[in-house]
Every structure is written in structure tokens, then in C-alpha cells.
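Numbering (the numbering used here), first residue to last: 16 to 400. In what follows, a structure is listed as C-alpha cells, so that the remarks can point back to it.
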Amino acid sequence: MRYPLLITVVIYVAGLGAAGQFSKFAVSFVALSQEYGGQDAVLGLAVSLISLVGVVLGLIAGMVVNRIGTKRALVSALILGAAVSLWQASLPSLPILMLSRIIEGASHLLIVVAAPTLIAETTPDRLRPAALTLWSTFFGVAFAATATIAPFVLAQGGLPLLILSHGVWMAVAAVLCFVLLHGTKAPVTEPLKLGTLVERHIRAFATPGIATPALAWLCYTLTFVSVLTALPLLIEGEEPAWLAPLAPLVSIAVALSLGIAILSRVRALPVITAGFAACCGAVLLIAGFGFSAVTVLLLFAAMAFIQGAGFAVVPQLNPDSDSRALANGALAQMGNLGNLSGTPLLLALYQGAPLLGPVLLLLTAYGGGLILVRVLGKRAEARLR
């Protein structure tokens, strides 16, 4: 396809909109609480409902993308997301807001499955690792941008203007994707019956090329958000105010610089393995010296290699579009599971042992990820020969 850089940027714009489905409420949670009478527990569920949808329907989204085609899935999901945001801008009653978040979860899931599949389809081999590494940063970039812009928008027009602005972004992304992306032929697949869904889940996670990226991403997401969330507890003494926003930016910077440079010369699988090994090394430093600004930043720098290579490995282990969509669906499913369960697990272990508990969780996640990638990754590569 001509102009692969432009195509990648347009798809990335769609990804920023998908991440905005989380960040628009997470960043403005105080304003959200004020609008809905301080029902923080229920509103917290409203924020996380998208992740719950992802856990339940992740692989199914991959099957849907295969049935209707990647471009159609992406554009339809963006239109749906724009419509939901415009609906939410009216500040409906809380039960209706919760319903809208479930619908928004379906939109989000289709975007994060279709978008990286499209990037893999539309970029040449030499540019694909760099393009997918860029894609891997969409979540962190969107949160940083929302955190920067939201105070100004809230001051001008309150929560409705912030939500409306997100809806406009999604609509613009839908138009750009519709105009600039070429359609892909939807492969003929079996009908989406209950028996088929169960069988495809079993088959997907029994397929090394699909299971390897998904389980590696689970091990990564178990720790990324949870460590950021628990930083005020983990850091001995007062946490530097700059640490929480800087840590994910360090990860993004390393992924886009050193990560891309390495991935242009080395296949993604050994980069993920090295990333897990580097994370284990950072955790051993934490075990010896405690959680500090230095050790936390080293950990997030090490996680960058998993983040960048996590998406790049999908097309390398899955040569056809069908298996890539399923792999991206499984990856989204496991990523949402990690995001949902990581923070409660880490906080529970912290209560029992403030240093040892989190260290054990991190070592288990990274050590387990290293072993899984080594074992399943070798099987996946053997199938390609």
C-alpha cells in the first residue's frame, strides 16, 4: 500500500480515540463524581466496565473482525464510539451511563483488535516493527494528553465539553479511516455460534502463535498499571510529584528510540525475552534497595521492550490476517485481565508484606513471562518453518 506512514498515523489517531474512552473519565473522575452525586464506587465500575467487556469478549472481537473485515470493523467501531460519546455528553442518568459504557466497551475492543491488524496488513516488512511499536504507545500518550488538556477543557465547559470533544475526535478519526484506508476482504469463517466460540477459544490458546503474545501481554499488564497506582504506597518517604507522570513517558521514550532501533535488526520474540529478563533484574534491584525513583524508572525503562515488541511479535508469529486478528483479540483479552487484576493483587500483597509482597508479584509475572515466551515462542517459530 502507498503512503504507509500516513496510514499508520491515521490508525494511530483512531487508537488515541480508543484510549480516550478510558482517559476521559479516569482523568476527570472528580468532576464525574460531582456530576453524579459522589457515588464513587459505582463510578469506579463505570470507568472499568470497558476492561470487563474486553476480558469477556476479547477473542470474539477478533472473530468479528475476521468476518466483517478490518477496515469495516475499525470505521464502524469509531462511528459507534463517537455516537456513544455524544450521548454521554448529555450526562444521562447513572444506569444509562453504565449501559453506555458497556456499548463503548464493544467499540473500544473492535478498535484495538482491528487497528494493529490493519497496521500489520498495510506496512511493509521493514517498517512493520516500528509502526507497531508506535501503536503500542497509544494508551500512554492518550492519557498524558488528556491529563494535560482536560483541566482547560473542564474549566471552559465542564464535563459535557470534555466528553463532546472526545466524540468529535472519534468522528474525525472515522472519516479519516473511511477515506484513506483501503478495504480488506473479509475471509469466510464459521458462524458465531456458542459451540464455535468455545471451540475457537480453546483452539486459540492452544495455538502457540496466538497464545505467546497474549500471555506475554498478561504478564506485562499485571504490573504496569498496578505499580503506577500503588506508587504512593511503594515509595518509602514522600513520592516525588514528577515520578508518576514521568515513569510511563520514560517507557514510551525507550520503546520509540532504543526499542525501534533493536527491532529493526532483531526479531520481536528475543526482544520480549530480553525485556522480561531486564525487568527481573530491575526487580532484584528493588528487592535490594527498595522502591525509589531510580529503581522505578529503571523498571519502566525495562518494560518498554515488552511494550514495543508485544505487538510487533503478532505478525511475525501469525503470517495470515485471520490468525493476526485472533491474536490481537486474545492479546486485548489478556491485557484487560491484567489491568483489572494487577492492582488488587499488588495491594493485597502489599498489605501482608510491604516490600516482599510486591516484589514476589513482579518476579512471578516477569519470570513467568520469560518462561512462557521461551517455551511457547519456540513452538510458534517451529510451526513457521
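We put the CB at the ideal spot given by N, CA and C, even for glycine.
query = From this set, 86, 181 and 364, which residue's C-alpha is nearest residue 197's C-alpha?
reply = Along the sequence shown, one-based indexing puts residue 197 at 182. Nearest option by C-alpha distance: 86.
request  = Count the other C-beta atoms from every protein chain shown that fall within 10 angstroms of the C-beta of residue 279, then say buried if there are 16 or more, exposed otherwise.
outcome  = The residue given as residue 279 occupies position 264 in the sequence shown. The residue in question, residue 279, is exposed, as its Cβ has fewer than 16 Cβ neighbours within 10 Å.
ask   = Where does residue 250 sit, in a helix, a strand or coil, going by DSSP?
value = Residue numbering aside, residue 250 sits at position 235 when the sequence shown is read from its first letter. The answer is coil: DSSP assigns residue 250 none of H, G, I, E or B.
message = Going by beta-carbon coordinates alone, are residue 121 and residue 92 separated by less than 9 Å?
response = Mapped onto the sequence shown, residue 121 falls at position 106. Mapped onto the sequence shown, residue 92 falls at position 77. Result yes, Cβ atoms of residue 121 and residue 92 sit closer than 9 Å.
task = Classify residue 391 as buried or exposed, calling it buried when 16 or more other Cβ atoms lie within 10 Å of its own Cβ.
result = Here residue 391 refers to the residue found at position 376 when the sequence shown is read from its first residue. Buried is the call here.
message = Counting C-beta neighbours from all protein chains within 10 Å, is the total for residue 144 16 or more, i.e. buried, or is it exposed?
response = If you number the sequence shown from 1, residue 144 lands on position 129. The residue in question, residue 144, is buried, as its Cβ has 16 or more Cβ neighbours within 10 Å.
key: Contact check, residue 262 vs residue 249, beta carbons under 9 Å   = As a position in the sequence shown, residue 262 is number 247, starting the count at 1. As a position in the sequence shown, residue 249 is number 234, starting the count at 1. Taking 9 Å as the Cβ cut-off, residue 262 and residue 249 do not qualify as a contacting pair.
ask   = So residue 337 is in the alpha helix (DSSP H); what residue range does that whole segment cover?
value = As a working note, residue 337 is residue 322 in the sequence shown. Note, residue 337: alpha helix (DSSP H), 336-367.
request  = Output the distance between the C-alpha atoms of residue 140 and residue 106, rounded to the nearest integer angstrom.
outcome  = Translated into the one-based positions of the sequence shown, residue 140 becomes position 125. Translated into the one-based positions of the sequence shown, residue 106 becomes position 91. Roughly 46 Å separates the two Cα atoms.
query = Grouping DSSP H, G and I as helix and E and B as strand, with all else coil, what is residue 55?
reply = Taking the sequence shown and counting its residues from 1, one reaches residue 55 at position 40. Reduced to three states, the DSSP call for residue 55 is helix.
message = Could you compute how far the alpha carbon of residue 61 sits from the alpha carbon of residue 116?
response = Taking the sequence shown and counting its residues from 1, one reaches residue 61 at position 46. Taking the sequence shown and counting its residues from 1, one reaches residue 116 at position 101. Straight-line Cα distance between these residues: approximately 6 Å.
request  = Check whether the Cβ atoms of residue 357 and residue 265 lie closer than 9 Å to each other.
outcome  = Looking up residue 357 in the sequence shown gives position 342. Looking up residue 265 in the sequence shown gives position 250. Going by C-beta atoms, residue 357 is not nearer than 9 Å to residue 265.
request  = Return the Cβ separation of residue 20 and residue 101 in integer angstroms, given the expectation that the two are a contact with Cβ distance under 8 Å.
outcome  = For the purposes of this step, residue 20 is identified with residue 5 of the sequence shown, where counting begins at 1. For the purposes of this step, residue 101 is identified with residue 86 of the sequence shown, where counting begins at 1. In fact, because the Cβ distance is near 31 Å, the residues do not count as touching under 8 Å.
ask   = Span of the alpha helix (DSSP H) holding residue 18?
value = Position 3 of the sequence shown holds residue 18. That residue, residue 18, is in no alpha helix (DSSP H); it is neither H nor E in DSSP.
task = Would you identify the three-state DSSP class for residue 91, choosing helix, strand or coil?
result = Locating residue 91 in the sequence shown gives position 76, counting from the first residue. Three-state result, residue 91: helix.
message = Once DSSP output is grouped into helix, strand and coil, what is the label at residue 256?
response = Stepping through the sequence shown from its first residue, residue 256 is reached at position 241. Three-state result, residue 256: coil.
ask   = Quick one, are the C-beta atoms of residue 78 and residue 340 less than 9 Å apart?
value = As a working mapping, residue 78 is identified with position 63 in the sequence shown. As a working mapping, residue 340 is identified with position 325 in the sequence shown. Yes, these two residues count as a Cβ contact at 9 Å.
request  = Report all residues from its chain with a CB closer than 7 Å to the CB of residue 316; omit the five preceding and five following residues, and keep chain order.
outcome  = To locate residue 316, count along the sequence shown from 1; it is residue 301. Around residue 316: 265, 266 and 269.
9 Å Cβ cutoff met for residue 326 and residue 223 = Locating residue 326 in the sequence shown gives position 311, where the first residue counts as 1. Locating residue 223 in the sequence shown gives position 208, where the first residue counts as 1. The answer is no: Cβ separation not under 9 Å.
ask   = If you check the beta carbons only, do residue 158 and residue 245 fall under 9 Å apart?
value = Taking the sequence shown and counting its residues from 1, one reaches residue 158 at position 143. Taking the sequence shown and counting its residues from 1, one reaches residue 245 at position 230. No, these two residues do not count as a Cβ contact at 9 Å.
query = Between which two residues does the alpha helix (DSSP H) carrying residue 382 extend?
reply = Counting from 1 along the sequence shown, the entry for residue 382 is found at position 367. Run containing residue 382: 371-399, per the alpha helix (DSSP H) assignment.
Nearest residue (CA-CA) to residue 84, options 48, 128 and 185 = The count along the sequence shown starts at 1 and reaches residue 84 at position 69. That would be 128, whose Cα lies nearest to the Cα of residue 84.
ask   = Can you give, in chain order, each stretch of the beta strand (DSSP E) that sits fully within the stretch 140-219 and has at least 3 residues?
value = none
request  = Take residue 212 as the anchor and find which of 43, 69 and 76 has the nearest alpha-carbon.
outcome  = Position 197 of the sequence shown holds residue 212. It is 76.
message = Alpha carbons only, please: which of 193, 95, 45 and 36 is nearest the one belonging to residue 155?
response = Looking up residue 155 in the sequence shown gives position 140. Measuring from the Cα of residue 155, the nearest candidate turns out to be 36.
message = Mapping the DSSP letters down to three states, classify residue 138 as helix, strand or coil.
response = One-based indexing of the sequence shown puts residue 138 at position 123. Residue state, collapsed to three classes: coil.
key: Cα-Cα separation, residue 53 to residue 67   = Taking the sequence shown and counting its residues from 1, the one referred to as residue 53 is at position 38. Taking the sequence shown and counting its residues from 1, the one referred to as residue 67 is at position 52. Near 22 Å, if we compare the C-alpha coordinates of residue 67 and residue 53.
query = If you draw a straight line from the alpha carbon of residue 119 to that of residue 168, how long is it in whole angstroms?
reply = Your numbering for residue 119 matches position 104 in the sequence shown. Your numbering for residue 168 matches position 153 in the sequence shown. If I take the Cα positions, the gap works out to 22 Å.
inquiry  = Just verifying my parser: in three-state terms, what is the DSSP assignment at residue 107?
reply    = The residue given as residue 107 occupies position 92 in the sequence shown. In this structure, residue 107 counts as coil in the three-state DSSP scheme.
message = Classify residue 303: buried if its beta carbon has 16 or more other beta carbons within 10 angstroms, exposed otherwise.
response = Position 288 of the sequence shown, counted from the first residue, corresponds to residue 303. By the neighbour-count rule (16 or more Cβ atoms within 10 Å), residue 303 is not buried but exposed.
request  = Using beta-carbon positions only, say whether residue 57 and residue 51 come within less than 9 Å of one another.
outcome  = As a working mapping, residue 57 is identified with position 42 in the sequence shown. As a working mapping, residue 51 is identified with position 36 in the sequence shown. Contact flag set, yes.
Residue 288 - containing alpha helix (DSSP H), residue span = Here residue 288 refers to the residue found at position 273 of the sequence shown. First-last of the alpha helix (DSSP H) with residue 288: 283-304.
request  = Could you check the C-alpha separation between residue 104 and residue 111 for me, to the nearest Å?
outcome  = The sequence position of residue 104 within the sequence shown is 89, counting from 1. The sequence position of residue 111 within the sequence shown is 96, counting from 1. Spanning the two alpha carbons is a distance of roughly 12 Å.
message = Residues in the same chain with beta-carbon distance under 6 Å from residue 230, minus the five sequence neighbours each way, listed in chain order, please.
response = Within the sequence shown, residue 230 is the residue found at index 215, counting from 1. Contacts found: 387.
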